[in-house]
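Have a look at the structure below before the remarks.
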Amino acid sequence: GEDVEQSLFLSVREGDSSVINCTYTDSSSTYLYWYKQEPGAGLQLLTYIFSNMDMKQDQRLTVLLNKKDKHLSLRIADTQTGDSAIYFCAESIRSNYQLIWGAGTKLIIKP
Amino acid sequence: DTEVTQTPKHLVMGMTNKKSLKCEQHMGHRAMYWYKQKAKKPPELMFVYSYEKLSINESVPSRFSPECPNSSLLNLHLHALQPEDSALYLCASSQDTSYGYTFGSGTRLTVV
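Those protein sequences? They're chains A and B, same order as listed. In terms of the working numbering, the first sequence opens at residue 60 and continues consecutively. In terms of the working numbering, the second sequence opens at residue 4 and continues consecutively.
Here it is, written out as structure tokens:
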């Protein structure tokens with residue numbers, strides 16, 4: 060079945076780059092998404108990438124997609140304390156309203 | 004308006020109570036969703052409405068009853084809940100399946 064995997068924690072120093080990784084199993088993915096959830100808040104769509112793209116950049120965020128390895132990454136440049144949150148990777152498959160979610164990566168910022 | 008608005012933000016209810024969660028969006032999105040999220044876990048899909056019709060019910064117990072009165076509103080009626088139903092309930096909407104969902108900030112539900 061479909062599966063999305065992420066490591067549970069990432070710790071980085073303020074000002075460094077953060078790279079959050081995600082692997083997925085379903086090769087029929089159409090879109091892949093990164094959502095951010097701050098404590099006590101809802102989910103914020105950060106960015107998404109279509110499955111026929113390799114890279115997408117949006118200000119401090121860079122998404123890289125390796126379709127051969129089914130690997131997705133989110134790079135946050137110049138990580139700030141406000142980036143502290145849980146980051147969820149998710150994929151949509153075919154024409155389906157359902158998303159397959161990763162377990163979420165908690166980003167911890169060290170001063 | 005690019006938001007999904009959920010009310011109330013917090014709700015405490017007893018196991019014999021009946022309450023409703025409300026969700027509203029004015030982005031013209033034709034799909035609306037209810038998700039349940041436990042602490043530090045990914046959200047779990049409960050229901051999907053597409054063009055005001057229920058299209059997906061993920062085997063949710065009947066004590067949760069969704070309703071879509073019109074294309075902008077989505078309700079979740081709660082009755083005879085259990086303490087294990089305590090969670091963050093998130094509403095979301097999307098234009099179609101392609102561009103991701105817009106989530107509300109959720110209702111934090113505690114069943115006592």
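We put the CB at the ideal spot given by N, CA and C, even for glycine.
Reference residue i, options the options, closest by Cα
i: residue 110 of chain A; options: A:165, A:79, A:91, A:95; result: A:91
i: residue 115 of chain B; options: B:21, B:6, B:8; result: B:21
i: residue 98 of chain B; options: B:74, B:83, B:89; result: B:74
i: residue 98 of chain A; options: A:151, A:157, A:146; result: A:146
i: residue 159 of chain A; options: A:77, A:101, A:81, A:126; result: A:81
i: residue 128 of chain A; options: A:86, A:167, A:101; result: A:86
i: residue 69 of chain B; options: B:7, B:63, B:78; result: B:78
i: residue 68 of chain A; options: A:132, A:169, A:163; result: A:163
i: residue 27 of chain B; options: B:18, B:59, B:7; result: B:7
i: residue 38 of chain B; options: B:62, B:15, B:32, B:54; result: B:62
i: residue 60 of chain B; options: B:104, B:11, B:50, B:76; result: B:50
i: residue 120 of chain A; options: A:136, A:161, A:130, A:131; result: A:136
i: residue 105 of chain B; options: A:95, A:170, A:122, A:134; result: A:95
Beta carbon proximity, residue i to chain A, threshold 8 Å
i: residue 45 of chain B; result: yes
i: residue 92 of chain B; result: no
i: residue 76 of chain B; result: no
i: residue 58 of chain B; result: yes
i: residue 63 of chain B; result: no
i: residue 103 of chain B; result: yes
i: residue 50 of chain B; result: no
i: residue 106 of chain B; result: yes
i: residue 89 of chain B; result: no
i: residue 31 of chain B; result: no
Neighbour flag for residue i against chain B, beta carbons, 8 Å
i: residue 147 of chain A; result: yes
i: residue 157 of chain A; result: yes
i: residue 144 of chain A; result: no
i: residue 120 of chain A; result: no
i: residue 133 of chain A; result: no
i: residue 215 of chain A; result: Outside the modelled stretch of chain A, which goes from 60 to 170, sits residue 215 of chain A, for which no answer is possible.
i: residue 162 of chain A; result: yes
i: residue 107 of chain A; result: yes
i: residue 74 of chain A; result: no
i: residue 141 of chain A; result: no
i: residue 83 of chain A; result: no
i: residue 166 of chain A; result: no
i: residue 136 of chain A; result: no
i: residue 69 of chain A; result: no
DSSP bridge partner residues for residue i (one or two, in chain order)
i: residue 151 of chain A; result: A:90, A:158
i: residue 22 of chain B; result: B:81
i: residue 131 of chain A; result: A:81, A:124
i: residue 60 of chain B; result: B:50
i: residue 64 of chain A; result: A:82
i: residue 117 of chain A; result: A:120
i: residue 138 of chain A; result: Per DSSP, none; premise fails for residue 138 of chain A.
i: residue 70 of chain B; result: B:78
i: residue 5 of chain B; result: Answer is none; residue 5 of chain B lacks a bridge partner.
i: residue 13 of chain B; result: B:111
C-beta atoms of residue i and residue j nearer than 8 Å
i: residue 92 of chain B; j: residue 48 of chain B; result: no
i: residue 113 of chain A; j: residue 84 of chain A; result: no
i: residue 52 of chain B; j: residue 30 of chain B; result: no
i: residue 57 of chain B; j: residue 88 of chain B; result: no
i: residue 105 of chain A; j: residue 93 of chain A; result: yes
i: residue 77 of chain A; j: residue 142 of chain A; result: yes
i: residue 150 of chain A; j: residue 66 of chain A; result: no
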